[in-house]
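Heads up: the structure comes next, in structure tokens.
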Amino acid sequence: MSRGIVQYIILRALMIIPTVLVLYTIVFLFMRVLPGNPILAVVGTKNIPPEQMKHLMHIAGLDKPLYVQYFDYLWQLLHGNFGVTLAFPMGVPVSDYLKLRFPATLELTIWSFTISIIIGLITGTIGAIKKGTIVDTSMRLYSIIAYTLFIPWFGMILQYIFGVWLHVLPTSGRISPNVNLHTITGLYVLDSIITENWPALVSSVKHLILPSLTLGIVLSGAYTRIVRNNMVEVLNQDFIRAYKARGVKDWKITWYALKNAFIPIITLMGLQFAILLGGAILTETTFNWPGMGTFIIDRIEYRDYNAIQGTVVFFAFFVGLISLIVDLIYALLDPRVKY
Amino acid sequence: MLEVEDLTVYYYTSKGVVRAVEGVSFSISKREWITFVGESGSGKSTVAQAVIRLVPYPGKIQGGKILFNGKNILELNKKEMRKLRGREISMVFQDPMTSLDPLRKIGDQVVEAMTEHGVDEEEAKKRAIKLLKRVNIPEDRIDYYPHQLSGGQRQRVAIAIAAALEPSLIIADEPTTALDVIVQESIMELLQELKNSGTSIMFVTHDISLAFERSDRIAVMYAGKVCELGRSEELVSNPIHPYLKALLDSVPDVHSDKKVKAIPGNPPDLRNPPSGCRFHPRCPFASEICKKEEPELVELEKGHFVACHEVV
Amino acid sequence: MELVQVRNLKTYFPVRIGIIDALKRKKLFVRAVDGVSFSIKRGEVFGLIGESGCGKTTLSRSVLRLIEPTEGEVIFNGINILKLNDEEMRKIRKSMQIIFQDPYSSLNPKMKIGEIIAHPLIIHGMDKKEAKEQVLQMLGKVGLTPEKEFYERYPHQLSGGQRQRVAIARAMVLNPEFVVADEAVSMIDVSMRASIIELLEEFRRMYNLSMLFVTHDIAIARLITNRTAVMYLGKIVELSETKTLIDNPLHPYSRALINAAPTISRKKDFKVKIKGEVPNAINPPEGCRLSNRCPFASEICKKEEPELVEVEKGHFVACHMT
Amino acid sequence: MKKWVLLILLLAAVFVGCAQNNKVQNKTPVENLQKSNAIVIGVTDKVTDLDPANAYDAFTWEILENTMVGLVKYKPGTLKIEPALAESWEVKNNSTVWIFHLRKGLKFSDGTPLTAKNVVWSIERVMRLKGDPSWLVTDFVKKVVAENNTTVVFYLKHPTSYFLALLTTPPYYPVNPKYNPNKIDSDQTAGGAGPYKIIKFIRGQEIVLEANPYYFGMKPKTKKIIIKFYRDATTMRLALQNGEIDVAWRTLRPSDVLSLEKSNFNVVKVPGTYIRYLCFNVVKKPTSNVLVRKALAAAINRKEIAEMVYRGTVEPLYSLIPNGMWSHLDVFKKYGDGNVKLAQELLEKAGYSKNNPLHIQLWYTPTHYGDTEADLAQMIKTQWERTGMVKVTLKSAEWGTYVDYARKGQMQAYLLGWYPDYLDPDDYTTPFLSSTANSWVGTGFANKTVDTLLKKAQEIPNQNERAKIYEEVQKILADQVPYVPLVQGNLFIVTKPNVHGVVVGPDMVMEYSYLYKVS
Amino acid sequence: MILLSSFLLKPINAIFGNKKGRGYFIAGLVIVSIVVLMAIFAPFIAPYNPTAITMDTFSPPCWKHIMGTNRLGQDVFSRIVWGSRIILYVVLLASSLSMVIGIPSGLISGYYGGKLDRILSMVMDSIYAFPALILAIVIAVVLGPSPINAAVAIAFVYVPTYFRMVRGQTLSLKSQLFVEAAKAIGARNREIMFKYILPNLIPTILVVFSLSVADAILTEAGLSFLGLSVTPPTPDWGYDLRVGQAFFLDGYWWLAFFPGLMIMLLAMAFALIGEALNERMTSR
């Protein structure tokens, strides 16, 4: 059995490769179709002689035919190398940036994810139990409203209320500049706990609240809906009535129902995580959060091919990894799954 | 032991009020097997669910009394009801594929049925093994999940759970409909054994042949009402209600060459049931009074009740 | 004389397996139908009974090539239909039809009743006006009157019995020579089954139709079929005149099946018992497929597969012990 | 179940904890800043490349100028050049040979001794690596030699009167020997011998500077400078209001500056040498017609632009050479501001009318010049359309593409801006008007007279004579109108009331060592 | 308005009768109709030229300007009215584009299966699993800011949504008996796909359409918030929100508040319709 799991994980992990390849190809093609290139973006309106331009293009490998560029980069990817930046600055390994930026996004998404799951589970369960009542209706309205909130707008309102008006929470950044934190994982909350740096913990948690609340609430709408609908479905199933017919206590039945309702939600969590990453871009922009989202937007401006390709590939890989983890959790929780 | 008087259940759907069960009365005594038979939509399952107060949403028990050992179940509060369920009255559902929690081991589910009613864990485990043995599930299956068992095995587990605390009444709501005949046979036998050991069985089925096989008494339901009720041999040999007669005529039998005849027309829409006798639009003997007045369930002979104007 | 001949028909399904097995190129099959032969005469109703999972539904589809069989021959009117190309097959479908078990999913919910019945005619080249006339006639024949009203209705406005009549009309409108009825009445209310059976019987009589009648209910088989085959795990275990089969079943499985059927007319003989349930058709037992459940099984049953042999005239059994 | 309860309790604790802490923060909005001798500066710019051989943008140069120093530098806040690493210098051979004498005992910020060899090594490195700004060296310097430990001699390609101004730019700064000699070293924080050294650098987040103990000059007033990078002005402004930063530096939005000034923040205005201008493609129709260019120039109302788009934070500019720089002439004043009448006349002359309007595309780039850029484009569109004879279509492209379009000469009219490389009229004229140097801008402007004039001005040392030449060039510019100067940027530094010592040079570089804070 | 409502009520009653979800549907439909009317009759509804620069800057909401004016003295309400055109144009164009590509490919892929199906599914799943907004941003930036390009970018990321839904439904419909019945009567594959399968997909397509339009509205707003949709001075909600956000802290709240509110309301309206249709479908 355990050998089965290991093999399953390996093979399932191999399935990430085509996904990564597809996205790399899409982005590569789109990026090269239209004019402009990173060297121009760097040089910009500076008065630089044409020979030097050529020299720079050569260094960046942009003078090679497209298919060579395509496979060159693919070759690098095979070696776990995301290439080097082509603009502002040139020649820095993209992975350096990813190492720096990814933990920020990860920290933001983890917290948002947690918040959204908790809110979603609570509101969805309440809605399902009180099905057909006004409580249910208001939960469903909450779900729709939360889902359709526009992140920059909602974030702006929260910033105004908690940052400017009440003056209780920071509105941007990850940690106060005056706090020294020795980073190990790059997840500030975790790092400050590891290094027992309590001021840093307080500061980083405070910085996290508004962005993760914004993203978490927006995402929770989807969960409220899914949890509610699944719960309603499960509560209608025979085995729930069978539990009742056996005289099992109500809260236990709700718990069993929740467990069953949670199984299909797990599959959706993988996809939700992707949506979360998308939402993270807008959240990061609104809260000046130094994550992957703001990074990719910056790089796009310079048309930094390698950085954008690298980021997209990395995201694709990460999303694949998440769905792998989700599948594993699914397999762990649902005895019906076979490897 | 169980007396039901004038039970009425309505479903409040968005399309209108469905009068699923109206004015049904009957009783069950100890060690008795009573079968409710009828076509789909006749209300037989609703009656069964009402007895344990598990009518699904949007159904509501509208009126009547359900006296269990003299106590009206409908007046019990939640906690009392919970104590009653599983200990005094338990239920087996139609579809064995969905009536067990797919995420929990069957052993745990059997054990829980007992611990929830105060049996201590150790004792419950011991009894669970015995119970499963009794329903012919090998001991090692105790750690299996429902999906690892076949339909028949699951239904036997469900019966084991229902019988765990030796309740006085087990309600079996079409427990064999989803199963093949050979498995059906084994389930029926299991219920028979339970009955022999002192439990009353309230059996619900649409298969009239099956109904006659093992029941002591049979109640025939049509459109939310009981139209004939009596000892099973009596009903086979001497059916009185035109519906029962027609029903018996419409069912083929393996061992006889009789011709079958369909009942003309369709079952009524219970949002808008026919006036008078609900069978009158399909009844060949219907007269004026049948259209106007609802027939009462009358005891024609001892223990043989019929609701029909024409025969009374 | 024989309209349909099925010879050594096999239909295997590849099993959906995990990635690991797929990589090891381990191929597993469900042997849903595993070497079945029988024939149906003109005007005959041939019954096929068995428990769920015995392969009777797959067999009924394979005979019509709605499922592509793996091996064997289906000879219809002297033509092996398994060798026809798509276009030829489409043409021959005119003479072979099917009526399904579930009247709720066998009709396209987005088409009017009239369109549903007319479509086969139009497909086979009739113009719309003529088709409509034919359809109206057909509606009358299956008892859906007033015809014009039913023509305009949608399936969800009909009861189960009425829908099954539509399904019959759709099958019969092409004047087929051969019809498969797959559990055609098992989802209909008890009180109405008889009328559907009557209707089928009427068509059979009128057009000298051959029919393959698949059912799990032996009582119904008795009512309509001339001959019946009992299937177990993809194989026919017994085949005979229906009455003979019921009154004198020879195969232990047939006996158990017939005994288990609920009946009012006589008391049951509880002697013959078959243990357990139908095993998985991916790995059927060696030898006789019933050997692991059969109370009479001996050594040979576990080793050798019994052949279907004629023990009396027209009565075939596949059992070592008889 | 237990796990869940625990988790909920934990979360509740975190939130309660925050709430309590917030109360404390309410009284003292800035967390323990008073104790640490540090100032936090917010910027929306980026540090692109810490290697002076490749860094070529204003803000990165600011960091380099605070962490490195050249042979000479501007006296803080003025255009006057004063000695830095070099104590004194001599000029020989018609200003083609420059000899510099270094101070004694110089050290890099990590304590490594700094000699003439380091100076030569660094400049040769720039010449070898051919980074973006390397032309600032290679176009002028033929050879650089260390005569001894304290003497550096430059041999120039041609007489260059403004060589000292060039020497103030980062490519001439000696860098720490830790810099990779053969490769551009973008993330190298070893720095040079400036007043500060870099102790921490996280791209896109922050850079932390600490006073350099080996600096030869004045000791910085504040030991630690933290620079936080923001993606946009709004978040930076929020951070300032929220007490997260002490100084908001480049670049706040005009509206932010105005409203911060009202709410008790110190605003320091620095006249900038940064200019914004409009380019015309002089080769392609319809802007190849000089009448059209003149008409469009006349229709522009700089005062309105300054007022509406920049809320009065910029000055109207009537020449490419900025106000306040020698040789500046308001040559475009002759067209007036928003001179609709003149514009109409000129357009009529060019053959356009109300029924046959001039169709023109105006291009801008949405992010590179800040959020006001779209407003600027809209404003110009409105002004041109006031003539009733012009129909403007606005177009935009991301920076990378925009530059490509410009270089290929694909746009008709487009907006650009210019930060000077060195403070000399030459840097405001040659790159635009010399046909050998202006291919980057894509206007296609070429004029032989201008070419010769500019060449001459580079070579003669006398400032008065040069001034005359530049005046003449400006006049030709106003006649030909390949460019329309629009505004000259002012810079604003907004600080908390307790922050003092804001010193910004004419090169728009803030000298961090003068900043201090009183608690 | 009365005429309109009676015109609208008929189909509502036909679909919903007085069943569940009716309220949601009506609420959603009312908002959508208002926005659509706003878009169609923008020249008549908007009191001012939305792009005219005036000296009356930063006027708070008052009788003259019910939603105030912005930094260039443009009337915010007029910009909202005209802005509805862009967002509807982009989103509806994008949704139609992705439907035109997604539905047939999903149908073919699901119906025929085989290698083509596997390749298409892999590509679509890869795109689907990737954060839509990020991909849309990359594409929109590369293509350059214009409404059509934004629509293409959005369409690109929503094709998999339709594809997967149609493919999945086709697979399940394919196993339905009526499809088998169609085969049995000798219907051709094309007929089965378009006469038997496609009509049964329409209710699900409607639900997915409404929900993905709601989603696409937010994506469009996200793109134009990042300046990737329209070129000013064309009024656009997302862009106006972005520009207005800068002035939010100065107390000029109306600049960003109204565009943001409209984005939310419009997305919500489609989500309500989708929810109602979904409920209607599942409650059958």
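Protein chains in written order, with numbering that gives the first Met the number 0: chain P, 0 to 338; chain D, 0 to 311; chain E, 0 to 321; chain G, 0 to 518; chain Z, 0 to 283. Yeah, the Cβ is synthetic: ideal placement off N, Cα and C, and Gly gets one too.
### Task
Would you grab the beta carbon distance between Val20 (chain D) and Ala49 (chain D) for me? Rounded to a whole angstrom, and I think it's under 8 Å.
7 Å
### Query
What residue does the alpha helix (DSSP H) around Cys289 (chain D) start on, and which one ends it?
Glu287 to Lys291
### Task
Check distances from the C-beta atoms of the segment 151-162 of chain P to those of chain Z and list, in chain order, the residues that come in under 7 Å.
Pro151, Trp152, Met155 and Tyr159
### Task
Determine the closest residue to Tyr301 (chain P) out of G:Tyr421, G:Gly488, G:Trp398 and G:Asp50, with distance taken between C-alpha atoms.
G:Trp398
#### Entry: Three-way DSSP call (helix, strand, coil) for Ser104 (chain E) in this model
coil
### Message
Need the endpoints of the beta strand (DSSP E) that Phe37 (chain E) sits in, please.
### Response
Judged by DSSP secondary structure, Phe37 (chain E) falls within the beta strand (DSSP E) whose first and last residues are Phe28 to Lys40.
### Task
Would you kindly report the start and end of the unbroken alpha helix (DSSP H) that includes Ser202 (chain P)?
Trp197 to Leu234
### Query
From Gly109 (chain Z) to Arg117 (chain Z), what does the alpha carbon distance come to, in whole angstroms?
10 Å
### Task
For Ala245 (chain Z), decide whether its Cβ has a neighbour in chain G, counting only Cβ atoms nearer than 8 Å.
yes
### Start-end ranges of the beta strand (DSSP E) lying completely within the segment 32-103 of chain G, minimum 3 residues
37-42, 71-73, 80-82, 85-91 and 96-101
### Message
Is the separation between the beta-carbon of Met67 (chain G) and that of Pro169 (chain G) shorter than 8 Å?
### Response
yes
### Message
Taking the alpha-carbon of Ile27 (chain D) as reference, which of D:Glu309, D:Gly302 and D:Ala306 has the nearest alpha-carbon?
### Response
D:Gly302
### Message
Beta carbons nearer than 8 Å to chain A: which residues of the segment 120-141 of chain Z have them?
### Response
Within the model displayed, chain A is absent; protein chains P, D, E, G and Z are what it includes.
### Met56 (chain P) beta carbon less than 8 Å from that of Gly123 (chain P)
no
### Coarse secondary structure for Tyr413 (chain G), derived from DSSP in three states
Strand at Tyr413 (chain G).
### Task
Taking Val480 (chain G) as the reference, give the member of G:Thr429, G:Thr43 and G:Thr442 with the closest Cα.
Considering only alpha carbons, the answer is G:Thr442.
### Task
Could you pull out every unbroken alpha helix (DSSP H) segment of at least 4 residues lying fully inside the segment 73-114 of chain D, listed in chain order?
77-83 and 105-114
### Query
Does Phe92 (chain D) have its Cβ less than 8 Å from a Cβ in chain P?
Yes, its Cβ sits closer than 8 Å to a Cβ of chain P.
### Query
Between which two residues does the beta strand (DSSP E) carrying Phe12 (chain E) extend?
First-last of the beta strand (DSSP E) with Phe12 (chain E): Glu1 to Pro13.
### Message
Check whether chain D comes within 8 Å of Gly246 (chain P), counting only Cβ atoms and requiring the distance to be less than that.
### Response
yes
### Task
Buried or exposed for Thr34 (chain D), please, with buried defined as at least 16 other CB atoms from any protein chain shown within 10 angstroms of its CB.
buried
### Message
Only counting the same chain, and skipping five residues up and downstream in sequence, which positions put a Cβ closer than 6 Å to that of Pro198 (chain P)?
### Response
Once the five neighbours on either side are set aside, the close Cβ partners of Pro198 (chain P) are Val178.
### Task
Between the Cα of Lys274 (chain E) and those of E:Leu289, E:Gly313 and E:Ala280, spot the shortest distance and give me the residue it belongs to.
E:Leu289
### Message
I want to verify the contact list: residues of chain D whose CB lies under 7 Å from the CB of Leu222 (chain E), in sequence order.
### Response
Neighbours of Leu222 (chain E) across chain D, judged by C-beta separation under 7 Å: Pro251 and Val259.
### Query
Quick one, which residues of the segment 298-320 of chain P are near chain G if we go by CB-CB under 8 Å, in chain order?
Ile299, Glu300, Tyr301 and Arg302
### Query
Applying the criterion that 16 or more other CB atoms from any shown protein chain within 10 Å of the CB defines a buried residue, is Ile51 (chain D) buried or exposed?
buried
### Message
In this structure, how does DSSP classify Glu151 (chain E) when only helix, strand and coil are distinguished?
### Response
helix
### Query
DSSP state of Ile183 (chain G), grouped into three classes?
Ile183 (chain G): coil per DSSP, three-state reduction.
### Task
Express the C-alpha separation of Phe149 (chain P) and Phe177 (chain Z) in angstroms, rounding to a whole number.
44 Å
### Query
So, is the C-beta of Met263 (chain Z) closer than 8 Å to a C-beta in chain P?
By this cut-off, Met263 (chain Z) is an interface position.
#### Entry: Nearest-angstrom beta carbon gap, Val3 (chain E) and Phe177 (chain E) [assumed within contact, 8 Å]
The Cβ separation is near 6 Å, so the contact holds.
### Query
Skipping 5 residues on each side, what residues in its chain have a beta carbon closer than 6 Å to that of Leu120 (chain P)?
Val226
### Task
Output yes if chain D places a C-beta closer than 8 Å to the C-beta of Ala241 (chain P); else output no.
yes
### Query
For Asp74 (chain Z), which residues does DSSP report across the bridge?
Z:Thr68
#### Entry: Same chain only: Cβ atoms within 8 Å of Asn31 (chain G), ignoring 5 sequence neighbours per side
Because the pLDDT at Asn31 (chain G) is just 40, under 50, the model does not fix this residue reliably, and the value given afterwards should be weighed accordingly. Answer for Asn31 (chain G): no residue qualifies.
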